[in-house]
Amino acid sequence: MKLTVVLGTLSFFVLVIAIVFIAANEQDRMESFTQSYQSRQIETGAALFENNCIICHGPQGRGIDSVGPAINAADLFNGERLGSFGFSGTVENYLRGVISAGRPVPSEGTDFPERMPTWGMDNGGPMRDDQINALVEFIMNWEEVALARGEDKPDGGTPGEGVGTDITIALPAGDPEVGEELIAGTLACAACHVLGPAGPAWAAEAGIPGIATRAESRTSQDDYTGEASDAVQYLIESILLSDAYVVDGYLSGIMPANYSQRLNVQELADIIAYLQSLP
Amino acid sequence: MPIFEVHLPLLDEIKTKGLKLALQGMADNAVERLTSGLGISEVRAVMRDDPPPRPNPRLKPHAEGFWLHMRPTYYNNLLDGIYPSFLLGWLSTFFFTFEIITGIFLMVYYTPSPLVAYDNMLNILSNVPFGRLMRDMHKLGAELMVAIVALHMLRTFLTGSYKKPRQFTWATGLILLLVTALLSFSGYLLPWDQLSLWAVTIGASMAEAAPPEIVGKTLNLIVRGAPEFGAGGLLRFYLLHVIFLPLVGLLAFGVHYYKVILHGHSLPPEAEEVGVDTARKVPIKVRTYFMPRILTRELFWVAILLAIMVLWSAYLFHAPLEPHAESLITPLHIISPWYFLWLQGMLKLGDKVIWGVILPTILIGGLLFLPYIEVGPSRRYGHRRIGLSAAMLFVAGIIILSFMGTPFYGVDTSPEQEAVAVLVPETEPGPLRLSDWDELETGVYESAAWNIAPNRTLRDLLHTFNEEIEIAEYGGRTGWEGVMVIEDWQPGLKKITLRVLWIDQATGDPGEFNNSTYLHQNSDYGQGE
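Chains as they are written, first to last, in numbering that gives the first Met the number 0: chain A, 0 to 278; chain B, 0 to 528.
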C-alpha cells in the first residue's frame with residue numbers, strides 16, 4: 000500500500016515534468032514539422048514536375064524554345080516578368096494562378112504557341128490544391144540559383160536557318176561536347192532519353208549497347224521502316240523525322256516534330272557527334 | 000416582516016465557536032458533501048490506510064454518491080491482485096475514457112471533409128500546441144485498447160468466467176469488442192491519407208461481397224456513401240467514429256458492468272467447488288474494501304499509465320501520416336490494420352463471400368452464443384482440456400491468418416517493384432528516405448558493387464537493394480541488375496533513381512524498371528509523419 004502510494008505519486012510528478020518539458024519544446028517541434036513538411040512538398044512537387052511539366056518547360060525548368068517559357072529564370076523571381084504585365088501579387092500567387100487556371104490563349108509577343116493546360120481541379124484539371132502548392136514550392140526552390148545565375152538567359156540554341164528534313168544532308172564536323180550541352184539544355188532531349196523512360200535510353204546499360212552501336216545495325220533490321228541507309232542518316236532521321244521508325248516498345252507521336260526548324264545544321268552535327276560518342 | 004432576508008449561518012458559528020473552528024467546520028462540511036459522506040478527518044484516515052471506525056463511514060459514498068454507487072464496496076481478497084483478472088477490464092475502461100478525452104481535443108481541429116481533412120492533420124502537427132502528442136496518444140491508445148479488449152475476452156474464456164450465470168455478460172462483452180474494433184477502424188479513415196484510404200477500402204470491400212449482389216451493392220453504398228470513398232464516406236465514418244459507436248459502446252458498457260457487479264467478479268476457478276458460484280456473496284473475513292485499497296491502486300494505475308502514455312507518445316510512438324489520399328493510385332502493399340490482418344488473410348484463401356462474409360459471421364455468431372452452447376459445469380482448467388485446447392488452436396489460427404494477411408504471403412508482385420519498394424516503400428518512409436542525406440553522394444552505383452561504394456550509408460542501401468536483386472525471380476527473365484543514380488536536382492534536393500534491369504530469355508530483349516525519388520535535406524522523415 001505504501002509502495003503503491005509512493006510510486007503513484009512519483010509517476011504523477013514524472014507526468015507533470017514530462018508535460019512541462021514537452022510544452023517547453025512544443026514551439027520548436029511545430030517549427031521543425033513545418034519546415035520538414037515544406038521540404039516534403041518540394042519532393043512531391045519535383046515528382047509532379049517530372050511527370051507533367053518537363054515536356055514543355057524542360058527537365059530543369061529552363062524552358063524549351065517555341066514550346067514553353069523558362070521558369071527557372073531570374074526574371075521570374077526578380078519581378079521583371081510579373082511587372083511587365085502589371086501583376087501585383089507575389090511570385091507564389093502568380094505561379095499558383097497560372098498552374099491552376101492555365102493559359103487560355105498564348106501570351107502576346109512570345110513565341111510559345113502552345114497553350115498552358117489548366118491543372119487545378121477547380122478549373123477542370125487533375126490536381127488538388129495541395130499538389131499545386133507542392134509544385135509552387137518546388138519552383139520557388141529555384142529562386143536562389145536562378146537569381147544567382149542572373150540575366151544570363153538560357154541558351155536555347157541559336158535561332159537560324161532550320162536544317163530541314165533531308166536526311167542525306169552533308170554535315171560539317173561536329174563537336175560532341177557542344178552536342179552534349181545542347182541536349183541537356185532547352186532542346187530537352189534529356190527529359191526522355193536520359194532521365195525518363197519515355198524514349199529509348201542513349202547510354203549503354205544492362206548489356207544493351209549505346210545509341211552509336213545500335214544505329215550501326217538499325218538500317219539492316221527486318222522491321223526497319225525508315226529511309227536511312229547508314230548510321231548517320233538513321234540518327235538524323237530519328238531526330239528530324241522521328242516517326243519514320245519507332246523502336247519497339249515506344250510510342251509514336253511523342254517526340255516533338257519541330258527539330259527540323261529548331262536546329263541549324265551545325266547544331267545537328269554537334270548532336271550527332273555526341274550520339275556517336277555513346278557506343 | 001422583511002421582504003428580503005440574508006442569513007449567513009457561518010457568521011453565527013463564528014460568533015459562537017470563533018473564526019478558526021467555524022472555518023474548519025465549513026471546510027469539513029464542504030468535503031463531506033463533495034465525497035458524499037466522508038469528512039476531512041475520514042479522508043485523511045483513508046489516505047493513511049487507518050482501520051475504519053464502526054459503522055464504516057467509507058460505505059456512504061457508495062450508497063449516496065453517483066460515481067461510486069456503480070462500484071462494489073468491497074472485493075474478495077482473491078481478486079486483490081493481478082491474477083485472475085490481469086486488470087484487463089479496468090484497463091479497457093481506462094482507455095475508453097482516455098480515447099474520449101484525447102478524441103475531443105482532436106475533434107476541435109478536425110473537419111470531416113476530403114477537401115480539408117488532410118490539411119487539418121498538417122495543422123494539428125504544425126500549428127497546434129500538444130497537437131502531435133494528442134494525436135499520437137489517441138492512436139496509441141486505440142491500438143492498445145483493441146489489444147486489451149481482445150485479451151480481456153481471451154482471459155474470460157481461459158478462466159471460464161463466461162459460464163453460467165455470466166453468459167449475457169460475455170455476449171455484451173463481445174459487442175464491446177466489435178465496437179472497439181470498429182471504433183479503431185473507422186478512425187483509420189479520418190486523416191484522409193493514403194494509408195487510411197486503402198486500409199479502409201480493404202475492409203469496406205467485404206461489405207460489397209455480402210450476398211446476394213443487390214444486398215452487397217446496397218451495403219457498400221451505405222458504408223461508403225457512394226461507389227467509392229469520398230466526401231460521403233468520410234462523413235459517415237466520422238459520425239460512426241464520434242457519435243454512433245461511442246454511444247453503442249457506452250450503452251453496452253453500462254449493461255456489461257452492471258452484470259459484472261450483479262453476479263460479482265468471478266473468482267479464480269480453483270477457488271470454488273465445481274459448479275458453484277460464490278462470487279456474489281463475499282464473507283466478511285475475505286473482504287478487501289474499495290476504500291482505501293482498490294481506490295488507491297486505481298489512482299496508482301492512472302498515474303502510471305498516463306505517465307507511460309505521455310512519454311511513449313512523445314518520444315517513441317508517432318502516428319503515421321502518409322501522403323494525401325489518392326483514389327487513383329493504389330500503393331504497392333496495402334495492408335489493413337493489424338487487428339484485421341486475419342480477415343485479410345482469410346480473404347486470400349478464396350472466395351470473398353465465403354471467407355470474407357459467411358465465415359466471419361459464423362465466427363462472431365459462434366462466439367456470441369458460446370456460453371449458451373458450451374455448458375460444462377466446471378471452470379477448472381483441468382476439466383476443460385478440450386475447450387482450452389480449442390482456444391489455443393483458435394489463437395494460433397488467428398496468428399497464422401494474420402501472417403497470411405501480410406504481403407509476405409500469397410501476393411504476386413513483380414520482383415523489380417519489390418526490389419525498389421525495399422528501399423522506398425510506398426506505405427512508410429523506408430531506408431532511403433531515412434538515410435543520411437549528406438552521404439548520398441552524386442554518382443551512378445551498381446548494386447552488385449555495393450561494397451566499394453564511397454560511404455557506409457550508400458553501402459548499406461546498395462547492399463539491401465542487391466539482396467533483393469539477387470533473389471529476383473520471374474518466369475523467363477535473367478541477368479538482373481540494380482543501379483542507383485544520385486543526382487543533384489535543386490538546391491537541397493537530390494534525385495535518386497533506382498533502376499532494375501533484366502533480360503528476357505526468350506527474346507533476348509532487355510527490360511527495365513525505373514523509380515525516381517526526390518529527397519530534400521530537411522524533409523526529416525522518421526518523426527512519425
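Note that CB positions come from ideal geometry on N, CA and C, so glycine has one too.
Using the Cα positions of residue i and residue j, report the straight-line distance between them to the nearest angstrom.
| i | j | result |
| --- | --- | --- |
| B/Asp79 | B/Thr72 | 13 Å |
| A/Phe84 | B/Asn513 | 41 Å |
| B/Ala447 | B/Leu461 | 8 Å |
| B/Trp300 | A/Gly7 | 7 Å |
| A/Lys152 | A/Gly123 | Low local confidence applies: a pLDDT of 47 at A/Lys152 is under 50, so the model's placement there is unreliable, and no value is given. |
| B/Pro490 | A/Asn140 | 7 Å |
| B/Ala170 | B/His264 | 16 Å |
| A/Asp154 | A/Gly184 | The predicted position of A/Asp154 is uncertain, since its pLDDT is 43 and thus under 50; no value can be drawn from it. |
| B/Arg134 | A/Met120 | 30 Å |
| A/Ala172 | B/Arg458 | 44 Å |
| A/Pro158 | A/Asn257 | Low confidence applies to A/Pro158: its pLDDT is 47, below 50, so where it sits in the model is not reliable enough to give any reading. |
| A/Thr167 | A/Gln232 | 6 Å |
| A/Gly156 | B/Pro430 | Residue placement at A/Gly156 is flagged as unreliable, the pLDDT there being 41, under the threshold of 50; the coordinate-derived value follows with that caveat. Looking at the two C-alpha atoms, the distance is approximately 42 Å. |
| A/Pro112 | A/Ala230 | 34 Å |
| B/Phe243 | B/Ala230 | 18 Å |
| B/Glu297 | B/Pro414 | 53 Å |
| A/Ile63 | B/Ile353 | 58 Å |
| A/Leu75 | B/Thr405 | 49 Å |
May I ask you to check if the CB of residue i is nearer than 7 Å to at least one heavy atom of the ligand NAP?
| i | result |
| --- | --- |
| B/Pro330 | Absent from the structure shown: the ligand NAP. Ligands present: none. |
As a quick exercise: from the options, pick the residue whose alpha carbon is nearest that of residue i.
| i | options | result |
| --- | --- | --- |
| B/Trp337 | B/Phe289, B/Glu469 and B/Leu400 | B/Leu400 |
| B/Gln23 | B/Ser40, B/Gly36, B/Ala313 and B/Thr463 | B/Ser40 |
| B/Leu233 | B/Pro50, B/Thr34, B/Thr110 and B/Arg296 | B/Thr110 |
| B/Gly274 | B/Phe289, B/Gly159, B/Phe65 and B/Trp311 | B/Gly159 |
| B/Gly102 | B/Leu20, B/Arg384 and B/His137 | B/His137 |
| A/Ala22 | B/Ala313, B/Pro245 and B/His255 | B/Ala313 |
| B/His240 | B/Leu105, B/Leu124 and B/Phe65 | B/Leu105 |
| A/Cys279 | A/Leu134, A/Gly163 and A/Ala187 | There is no way to answer for residue 279 of chain A, as the model of chain A reaches only from 0 to 278. |
| B/Val115 | A/Val97, A/Tyr244 and A/Arg127 | A/Arg127 |
| B/Leu346 | B/Tyr161, B/Trp501, B/Pro164 and B/Phe402 | B/Phe402 |
| B/Leu86 | B/Glu480, B/Leu250, B/Thr456 and B/Leu304 | B/Leu304 |
| B/Arg279 | B/Leu261, B/Ala390, B/Glu227 and B/Arg432 | B/Leu261 |
| B/Met69 | B/Pro50, B/Lys493, B/Tyr257 and B/Asp49 | B/Tyr257 |
Please report the residue range of the beta strand (DSSP E) in which residue i lies.
| i | result |
| --- | --- |
| B/His519 | Pro509 to His519 |
| B/Gly442 | Gly442 to Glu445 |
| B/Thr287 | Arg286 to Tyr288 |
| B/Val499 | Leu492 to Asp503 |
| B/Asn75 | Tyr73 to Asn75 |
What residue range is occupied by the uninterrupted alpha helix (DSSP H) comprising residue i?
| i | result |
| --- | --- |
| A/Ile182 | Pro175 to Ala183 |
| B/Gly478 | Not the alpha helix (DSSP H): B/Gly478 falls in the beta strand (DSSP E), residues Arg476 to Gln489. |
| B/Tyr117 | Ala116 to Asn126 |
| B/Gly130 | Gly130 to Leu157 |
| B/Trp197 | Gln193 to Ala208 |
| A/Asn55 | The question names Asn, but residue 55 of chain A in the sequence shown is Cys. From DSSP, the alpha helix (DSSP H) with A/Cys55 extends over Ile53 to His56. |
| B/Met345 | Leu340 to Lys347 |
| A/Ala227 | Per DSSP, A/Ala227 belongs to no alpha helix (DSSP H) and is neither H nor E. |
| A/Asp137 | What sits at residue 137 of chain A in the sequence shown is Phe, not Asp. Start and end: Asp128 to Met139. |
| B/Ser401 | Arg384 to Gly404 |
Just to make sure I have the definition right: I need the residues of chain B whose C-beta is within less than 7 Å of the C-beta of residue i. Which are they?
| i | result |
| --- | --- |
| A/Pro196 | Asn513 |
| A/Met29 | Ser125 and Asn126 |
| A/Phe11 | Ala302 |
What does residue i reach in chain A if we use C-beta pairs closer than 8 Å?
| i | result |
| --- | --- |
| B/Arg292 | Met0 |
| B/Ala306 | Ser10, Phe11, Val13, Leu14 and Ala17 |
Starting from residue i, find everything on chain A with Cβ-Cβ shorter than 7 Å and list it in chain order.
| i | result |
| --- | --- |
| B/Arg57 | Chain A residues near B/Arg57: none, gap ~15 Å exceeds 7 Å. |
| B/Pro490 | Asn140, Glu143 and Val144 |
So which residues on chain B does residue i lean against when the C-beta distance must stay under 9 Å?
| i | result |
| --- | --- |
| A/Val193 | Per Cβ cutoff of 9 Å: no residues; A/Val193 is ~10 Å from chain B at best. |
What residues of chain B sit near residue i, judged by a beta carbon separation below 8 Å?
| i | result |
| --- | --- |
| A/Ile279 | This structure cannot speak to residue 279 of chain A, because chain A is shown only from 0 to 278. |
So which residues on chain A does residue i lean against when the C-beta distance must stay under 9 Å?
| i | result |
| --- | --- |
| B/Phe236 | Result: empty, since nearest Cβ-Cβ is about 20 Å, beyond 9 Å. |
Three or more C-beta pairs below 8 Å linking the segment 259-275 of chain A and the segment 208-220 of chain A = yes
task = Would you be able to state if there are at least three C-beta pairs under 8 Å between the segment 415-435 of chain B and the segment 465-472 of chain B?
result = yes
ask   = If we count Cβ pairs, one from each stretch, closer than 8 Å, do we get three or more for the segment 386-405 of chain B versus the segment 285-305 of chain B?
value = no
query = Is there contact here, the segment 516-524 of chain B with the segment 36-43 of chain A, by at least three beta-carbon pairs under 8 Å?
reply = yes
query = Between the segment 358-370 of chain B and the segment 151-168 of chain B, do at least 3 Cβ pairs fall closer than 8 Å?
reply = yes
ask   = Can you find at least 3 beta carbon pairs, one from the segment 143-152 of chain B and one from the segment 216-223 of chain B, that sit closer than 8 Å?
value = no
query = Using 8 Å as the Cβ pair cut-off and three pairs as the minimum, do the segment 19-36 of chain B and the segment 54-63 of chain B touch?
reply = Remark: three or more beta-carbon pairs, one from each stretch, lie closer than 8 Å, so the segment 19-36 of chain B and the segment 54-63 of chain B are flagged as touching.
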